[in-house]
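Residue numbers for the sequence shown follow the working numbering, so the first one is 3 and each next one is one higher.
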Amino acid sequence: GAGKSTLMKILAGALQPDSGEIILNGKQLQLRHPNEAQARGISIIYQDFNLLPHLSVIENIFIGHEPRTWAGLLDWRAMRRTGQALLDRLGVSLDLEMRVGRLTVAQQQMVEIAKALSRQAALVVMDEPSAILAGHELERLFEIIGALKSQGVTIIYISHRLDEVFQIGDRVTVLKDGRWMHTGNVSEVSRPQLISLMVGRTLEEAFPALVTSDNNEIIVEVRGLSKRGLLHNVSFKLHRGEILGLAGMVGSGRTAVARALFGAGPVDNGQILIDGQPVRFGQPRQAIKAGIALAPEDRKREGLIAIMSVRRNVTLPILNRLQRFSFLNKPRERRIVQDAIRDLSIKTAGLEQEVQYLSGGNQQKVVLAKWLATRPRVVILDEPTRGIDVGAKAEVYGIMRALARQGTAILMISSELPEIIGMSDRILVMRSGQIAGELSRAEVTEEKILMLAT
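Written as structure tokens, this is what we have:
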């Protein structure tokens, strides 16, 4: 919700500003259409790639501006020659005839960059390009960005990952709530200063004050949960009003635990108890009925229906409650959604705005609103702040702490150690499908978590 994506769409010619001006190379521009931006050397690489998976690499690179012969036919020879030169310029080896849908995500990103360069781009805007890349792929992207800079291409690199800003940036601009906050040289600003500009407070202050729950009431107890190849004898207790952190490396079994508790992943052995009573969830609807909610790791694929409105997403799991004589009680539905938008500070144009047009942070709030509408007693949050900026993270932390104060039991899975340490009352560390250890808030350090996790 800082305004990064909106600014990017204005530069792309896809959105018209109400006021202000764009100046490129000393000349004022009016970009009324994406074609006008492309004609002036501005190319945008969106986080969700704008590629056609059933077409080849070469067809995607030149789509919309294909070279033609004197007879008006596609000049395949020129396309292959120029396309290969573009890939060579990037230091990338790809089969020009291969369908894009068969490429890895990192390779598809290279096709997007080649596509931008094919239009003689002098300014390339990259929206969260690292969000989908593994470590070695990210290093390769940084190498390519460095090469493009040396060739005179200007890069606007949109990111909420501060490490990347300091690694590749020359200058940095901070936006907050749609307003410009700061522009300066990366070498002249510190990480704490950037965080303070983005959030309005320091990182330590971003974690809400802990209100320790003295309630020893056990809401969920897991005994000996096992699943061949995933989990082995996992046992723990979750108390009312507690935030229990679940740490560990990718593949350690954390998500498997979450899915088992939610009835989305069957287990071979073990027992789950709610309020001391054994339960067996064969499907998520049974877990929801028992008061358990899961905000999944991949919110776009599993947490939301992007083409549907905020209203329809929020009320999806409670439609049975909103029915009256087989009809939907629309006034009540609207009240529930309006309350959720107000309580969670969801920035949206209205109840009917499609979720796909919200920022990552506001999409995550819609996921939370959807599950809070079910009135859960237990909320499982799998990577609750992945892919959202620092300001939105602070808001999610506030929501979590408020839920805990109201008595909701929270199981939080996170790969961000400061987040696990700053938000959890207790921390369980998983390794190879097992609980490797438990750490209290008083004794936990990043080093202790890593020692147990590895």
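For glycine and all other residues, C-beta sits at the position ideal for the given N, C-alpha and C. Just so we're clear, the structure is a prediction, and the values are computed from it rather than from any experiment.
Worksheet entry | Three CB pairs or more closer than 8 angstroms across the segment 88–103 and the segment 111–119 | yes
Worksheet item: What's the gap between the Cα of A149 and the Cα of R193?
Response: As a first step, residue 149 must be located in the sequence shown, where it is residue number 147. As a first step, residue 193 must be located in the sequence shown, where it is residue number 191. Distance between the alpha carbons of A149 and R193: 26 angstroms.
Worksheet item: Anyone know if the C-beta pair for L240 and G255 falls short of 8 angstroms?
Response: Taking the sequence shown and counting its residues from 1, one reaches residue 240 at position 238. Taking the sequence shown and counting its residues from 1, one reaches residue 255 at position 253. Their beta carbons are not under 8 angstroms apart, which means L240 does not touch G255 by this criterion.
Worksheet entry | Exposure of F327, with buried meaning 16 or more beta-carbon neighbours within 10 Å | For the purposes of this step, residue 327 is taken as residue 325 along the sequence shown, with counting starting at 1. Exposed, because fewer than 16 other Cβ atoms sit within 10 Å of the Cβ of F327.
Worksheet entry | Cα-Cα separation, G389 to G363 | Along the sequence shown, read from residue 1 onward, the residue named residue 389 stands at position 387. Along the sequence shown, read from residue 1 onward, the residue named residue 363 stands at position 361. Cα-Cα distance, rounded: 8 angstroms.
Fill in: Of the residues I220, F168 and L54, the one placed nearest N187, counting alpha carbons only
Position 185 of the sequence shown, counted from the start, is the residue given in the question as residue 187. Out of I220, F168 and L54, F168 has the C-alpha closest to the C-alpha of N187.
Worksheet entry | Inter-residue spacing [alpha-carbon to alpha-carbon] between G8 and L17 | By 1-based counting over the sequence shown, the position of residue 8 is 6. By 1-based counting over the sequence shown, the position of residue 17 is 15. According to the sequence as given, residue 8 is Thr; it is not Gly. Roughly 8 angstroms separates the two Cα atoms.
Worksheet item: Whole-angstrom Cβ separation of A249 and I422, contact assumed at under 8 angstroms?
Response: Along the sequence shown, one-based indexing puts residue 249 at 247. Along the sequence shown, one-based indexing puts residue 422 at 420. Indeed, because the Cβ distance is near 5 angstroms, the residues count as touching under 8 angstroms.
Fill in: E190 versus D179, G171, L177 and G278, residue with shortest Cα-Cα distance
Walking along the sequence shown from the start, residue 190 turns up at place 188. Nearest option by C-alpha distance: G171.
Discussion item. Buried or exposed, going by whether 16 or more other CB atoms sit within 10 Å of the CB of L452?
Written reply: Here residue 452 corresponds to residue number 450 of the sequence shown, with the count starting at 1. Counting Cβ neighbours within 10 Å, L452 comes out exposed, since fewer than 16 surround it.
Worksheet item: Do you know offhand how far S442's Cα is from E448's?
Response: Mapped onto the sequence shown, residue 442 falls at position 440. Mapped onto the sequence shown, residue 448 falls at position 446. Approximately 13 angstroms, taken between the alpha carbons.
Worksheet item: Which residues share a DSSP beta bridge with P280?
Response: Taking the first residue of the sequence shown as position 1, residue 280 is located at position 278. Answer by DSSP bridge pairing, in chain order: L275.
Worksheet entry | Proximity of T156 and L125 at Cβ, strictly below 8 angstroms | The residue labelled residue 156 in the question sits at position 154 within the sequence shown. The residue labelled residue 125 in the question sits at position 123 within the sequence shown. A contact, by the Cβ cut-off of 8 angstroms.
Worksheet item: Could you give the distance in angstroms between the alpha-carbon of G22 and the alpha-carbon of E354?
Response: For the purposes of this step, residue 22 is taken as the residue at position 20 of the sequence shown. For the purposes of this step, residue 354 is taken as the residue at position 352 of the sequence shown. Rounded to whole angstroms, G22 to E354 spans 29 angstroms at the Cα level.
Fill in: C-alpha distance - V224 paired with G278, whole-angstrom precision
By 1-based counting over the sequence shown, the position of residue 224 is 222. By 1-based counting over the sequence shown, the position of residue 278 is 276. Near 10 angstroms, if we compare the C-alpha coordinates of G278 and V224.
Practice prompt. Look at the alpha carbon of V94 and the alpha carbon of V312, and state the distance between them as a whole number of angstroms.
Written response: Reading the sequence shown from its first residue, position 92 is the one you call residue 94. Reading the sequence shown from its first residue, position 310 is the one you call residue 312. C-alpha separation (whole angstroms): 41 angstroms.
Fill in: Opening and closing residue of the beta strand (DSSP E) in which S45 lies
One-based indexing of the sequence shown puts residue 45 at position 43. From DSSP, the beta strand (DSSP E) with S45 extends over I44 to I47.
Item to complete: Just tell me which of L57, E440 and E445 has its CA closest to the CA of A455.
Response: Position 453 of the sequence shown, counted from the first residue, corresponds to residue 455. Ranking L57, E440 and E445 by Cα distance to A455 puts E440 first.
Worksheet item: How should T387 be labelled, buried or exposed, when 16 other C-beta atoms within 10 angstroms of its C-beta is the threshold for buried?
Response: As a first step, residue 387 is located in the sequence shown; it is residue number 385 there, counting from the start. Classification for T387: buried.
Discussion item. So for V127, helix, strand or coil by DSSP?
Written reply: As a position in the sequence shown, residue 127 is number 125, starting the count at 1. Of the three classes helix, strand and coil, the one that applies to V127 here is strand, per DSSP.
Worksheet item: According to DSSP, is Q436 helix, strand or coil?
Response: Sequence index remark: in the sequence shown, residue 436 carries index 434 (1-based). DSSP places Q436 in strand when its eight states are reduced to three.
Fill in: Beta-ladder partner(s) of A292, from DSSP
Residue 292 sits at position 290 when you count from the first residue of the sequence shown. DSSP, once it has assigned bridges, lists no residue as partnering A292.
Discussion item. Suppose contacts are defined by Cβ-Cβ distances below 8 angstroms. Is V245 in contact with M425 by that definition?
Written reply: Locating residue 245 in the sequence shown gives position 243, where the first residue counts as 1. Locating residue 425 in the sequence shown gives position 423, where the first residue counts as 1. At residue 245 the sequence reads Ile, which differs from the Val that was named. Yes, Cβ-Cβ distance for I245 and M425 is below 8 angstroms.
Discussion item. Taking its Cβ as the centre, do 16 or more other Cβ atoms sit within 10 Å of T106, making it buried, or is it exposed?
Written reply: Residue 106 sits at position 104 when you count from the first residue of the sequence shown. By the neighbour-count rule (16 or more Cβ atoms within 10 Å), T106 is not buried but exposed.
Practice prompt. Would you kindly report the start and end of the unbroken beta strand (DSSP E) that includes S228?
Written response: Walking along the sequence shown from the start, residue 228 turns up at place 226. Run containing S228: I220 to K229, per the beta strand (DSSP E) assignment.
Item to complete: Enumerate in chain order the residues of its own chain whose CB-to-CB distance from G247 is below 6 angstroms, with the five nearest sequence positions on each side excluded.
Response: Residue 247 sits at position 245 when you count from the first residue of the sequence shown. Excluding positions up to five away in sequence, the list reads M414, I422, S426 and I429.
Item to complete: Report all residues from its chain with a CB closer than 6 angstroms to the CB of V446; omit the five preceding and five following residues, and keep chain order.
Response: Along the sequence shown, read from residue 1 onward, the residue named residue 446 stands at position 444. Within the same chain, V446 has close Cβ partners I423 and I429.
Practice prompt. Return yes when the Cβ of S161 is within less than 8 angstroms of the Cβ of M100, no when it is not.
Written response: Mapped onto the sequence shown, residue 100 falls at position 98. Mapped onto the sequence shown, residue 161 falls at position 159. Going by C-beta atoms, M100 is not nearer than 8 angstroms to S161.
Worksheet item: DSSP beta-bridge partners for A249?
Response: Here residue 249 refers to the residue found at position 247 of the sequence shown. Paired residue(s): V431.
Practice prompt. Indicate whether at least one CB of chain D lies closer than 8 angstroms to the CB of Q109.
Written response: Note that chain D does not occur in the displayed structure, where there is just one protein chain.
Worksheet item: Do P298 and D384 have their C-beta atoms closer together than 8 angstroms?
Response: Here the question's residue 298 lines up with position 296 in the sequence shown. Here the question's residue 384 lines up with position 382 in the sequence shown. In this structure, D384 lies closer than 8 angstroms to P298 by Cβ.
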